[in-house]
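S.K.: Residue numbers (our numbering), protein chains in the order written: chain F, 296 to 598; chain X, -7 to 183. Backbone N, C-alpha and C define an ideal beta-carbon position, used for all residues, glycine too. Let me give you the structure first, and then I'll get to my questions.
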């Protein structure tokens, strides 16, 4: 009994001491928490995102293929199957994702030269002269003026007579100037610019010019190169999308026979790949005797 | 007399073509006269006023500074001659076949033979492996130096210039004015 009493007293004492200690800690922590400041709110961060250009490519044949296969499967249903319509329906309908060739993005487009001249002169420019020359050294474009030149000088690829630059031929520019103190200077393009395929608009028509060197084999001149086939594929897709006929195709070479052979290659490809009758194309076999040489294929698409 | 003498070498035909092209443009926008130089012995003998029977004679190189004797096949000059002012000496940037700045001067002389019925025409040329020109006044001199600065910067990296007014080295405009003033005064004294 004594033992149990002593244990009870010890437990009571322990409880008192523990409670006192806890109450002391508790009061301390209450004192600390009273000094804390809690701020609630929203942090607004502005992030600007740049959306990249989306290059979507599609092949009209691929788009149509899903629909065609569905139609074919419907048409192949037998009268017995029609009784159970549910069983005759296909599981999937044209779910294949397709590529999109929308913009002939592989082709060059004007301007051919675009320069922002940075002329190191303190006294300002008195006179200047911007000139584009071809491989013969002849001037195909000339622009000149007094005072400082414009911030940007452009050449859209047209020569003095309004013809587009020659395909596969090198071009240079030189900006020559003399400052007000009489010091001459120049800015020159050292490496020539050569364009093998270009697209441009004129008179509400799309012109696509491709050099024969890119389109056809150097030895077998009626045989298309891989690069030529790739470009033709893009052009074909564009023709299919635009759906505006007739498409005019002009083939220029050194010889009428070569031009005719190359036209036959195109006719074959268009009929096989495009499934469009040759009457929808107006093809001309032409000779070009100009210098520098300008053997090329020109596609003229309405609209 | 105030003169400038310059020499150096251009690297390659392409550089000569570019130099000529640029100076043609500079002359056109500045309204200066110019002459593109492209002469060789073959083209000169084929000219109608140079009868085939006539011979080109080499000049005697003795006693003339910097003069050399050349084979006729080397008589070749290409470049441009610029005339900002028709009254003043033209500025020549002409090069020989090896790209060295040079000038060629021609002269003709008629020699009567014993019978006096035959006249022998002689065409002589002098080849100089440098260009030398007299500048008439301050403006002319400064203009030449500016063009030489450009040529040295872009085309003839080893251009060497002898300027007896020292303006090429010093760029002292005052000193150049004084030099021309002295030259003008000495001329007036002689007159």
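#1: Once you ignore the five residues that flank residue 463 of chain F on each side, which residues in its own chain have a CB closer than 6 Å to its CB?
#2: Taking the alpha carbon of residue 514 of chain F as the reference point, which residue from F/412, F/553 and F/522 has its own alpha carbon closest?
#3: Skipping 5 residues on each side, what residues in its chain have a beta carbon closer than 6 Å to that of residue 408 of chain F?
#4: Say whether chain F places a C-beta atom closer than 8 Å to the C-beta of residue 8 of chain X.
#5: CB-CB under 6 Å to residue 436 of chain F, same chain, minus the five flanking residues each way: which ones, in chain order?
#6: Mind checking which residues open and close the beta strand (DSSP E) that includes residue 480 of chain F?
#7: Among the candidates X/145, X/76 and X/123, whose CA atom is the shortest distance from the CA of residue 188 of chain X?
#8: May I ask you to list the residues that DSSP assigns as paired with residue 27 of chain X?
#9: For residue -4 of chain X, report the span of its beta strand (DSSP E) as first-last.
#10: Quick one: is residue 363 of chain F near chain X, going by C-beta distance under 8 Å?
#11: If you count every other CB in all the chains shown that lies within 10 Å of the CB of residue 154 of chain X, and 16 or more means buried, which is it?
#12: Residue 502 of chain F and residue 372 of chain F look like a contact to me (Cβ under 8 Å); what is the Cβ gap, rounded to whole Å?
#13: Distance cutoff 8 Å, beta carbons only. Does residue 473 of chain F sit that close to anything in chain X?
#14: Can you name, in chain order, every residue of its own chain whose Cβ lies under 8 Å from the Cβ of residue 569 of chain F, other than the five neighbours on each side?
#15: Can you round the beta-carbon distance between residue 147 of chain X and residue 7 of chain X to whole angstroms, since I take them to be within the 8 Å contact cut?
#16: Using 8 Å as the limit for Cβ to Cβ distance, is residue 423 of chain F near chain X?
#17: Identify every residue that forms a DSSP beta bridge with residue 87 of chain X.
#18: Specify the secondary structure class of residue 498 of chain F as computed by DSSP and reduced to three states.
#19: Hey, how far is the Cα of residue 5 of chain X from the Cα of residue 12 of chain X?
#20: Using the C-alpha atoms, what's the distance from residue 571 of chain F back to residue 366 of chain F?
#21: Roughly how many angstroms separate the alpha carbons of residue 362 of chain F and residue 369 of chain F, rounded to a whole number?
#22: Does residue 419 of chain F have its Cβ less than 8 Å from a Cβ in chain X?
#23: Please list, in chain order, the chain X residues whose beta carbon lies closer than 7 Å to that of residue 481 of chain F.
#24: Please name the residue or residues paired with residue 545 of chain F in a DSSP beta bridge.
#25: Per the DSSP calculation, residue 403 of chain F is bridged to which residue(s)?
#26: Along the chain, where does the beta strand (DSSP E) containing residue 186 of chain X start, and where does it finish?
#27: Decide if residue 424 of chain F is buried, meaning its Cβ has at least 16 other Cβ atoms within 10 Å, or exposed.
#28: Count the other CB atoms within 10 Å of the CB of residue 170 of chain X; is the residue buried (16 or more) or exposed (fewer)?
#29: Any Cβ of chain F within less than 8 Å of the Cβ of residue 138 of chain X?
#30: Strictly under 8 Å for the Cβ-Cβ distance: is residue 469 of chain F near chain X by that measure?
#31: By Cβ distance below 8 Å, which residues in the same chain neighbour residue 585 of chain F in space, the five residues on each side in sequence not counted?
#32: Could you check if residue 589 of chain F is buried or exposed, using at least 16 other CB atoms within 10 Å of its CB as the buried criterion?
#33: At 8 Å on the CB atoms, spell out the chain F contacts of residue 142 of chain X, in chain order.
#34: Is DSSP giving residue 8 of chain X helix, strand or coil here?
#35: Among residues of its own chain, excluding the 5 on either side of residue 410 of chain F, which ones have a beta-carbon nearer than 6 Å to its beta-carbon?
#36: What's the gap between the Cα of residue -3 of chain X and the Cα of residue 67 of chain X?
M.R.: Working from what's here:
#1: Counting only Cβ-Cβ distances below 6 Å, and skipping sequence neighbours, we find 491, 506 and 508.
#2: F/553
#3: 450 and 468
#4: no
#5: 427 and 450
#6: 479 to 483 is the span of the beta strand (DSSP E), which, as asked, contains residue 480 of chain F.
#7: The displayed coordinates of chain X run from -7 to 183. Any statement about residue 188 of chain X would go beyond what the structure contains.
#8: X/73
#9: -6 to -1
#10: no
#11: exposed
#12: With a Cβ gap of about 48 Å, residue 502 of chain F and residue 372 of chain F do not count as contacting.
#13: yes
#14: Cβ-Cβ distances below 8 Å link residue 569 of chain F to 531, 534 and 535 in the same chain, with the five nearest sequence neighbours on each side left out; the list follows chain order.
#15: Contact holds; Cβ gap of about 6 Å.
#16: yes
#17: Paired residues: X/70 and X/93.
#18: coil
#19: 11 Å
#20: Note on geometry: alpha-carbon atoms of residue 366 of chain F and residue 571 of chain F lie some 21 Å from one another.
#21: One C-alpha to the other measures close to 11 Å.
#22: The beta-carbon of residue 419 of chain F is placed no less than 8 Å from the nearest beta-carbon of chain X.
#23: 14
#24: Per DSSP, F/579 and F/593.
#25: Per the DSSP secondary-structure output, residue 403 of chain F pairs in a beta bridge with F/493.
#26: This structure gives no information on residue 186 of chain X, because the portion of chain X shown stretches from -7 to 183.
#27: Under this definition residue 424 of chain F is a buried residue.
#28: exposed
#29: yes
#30: yes
#31: 461
#32: buried
#33: 478, 479 and 480
#34: helix
#35: Answer for residue 410 of chain F: 448, listed in chain order.
#36: Cα to Cα, residue -3 of chain X sits roughly 21 Å from residue 67 of chain X.
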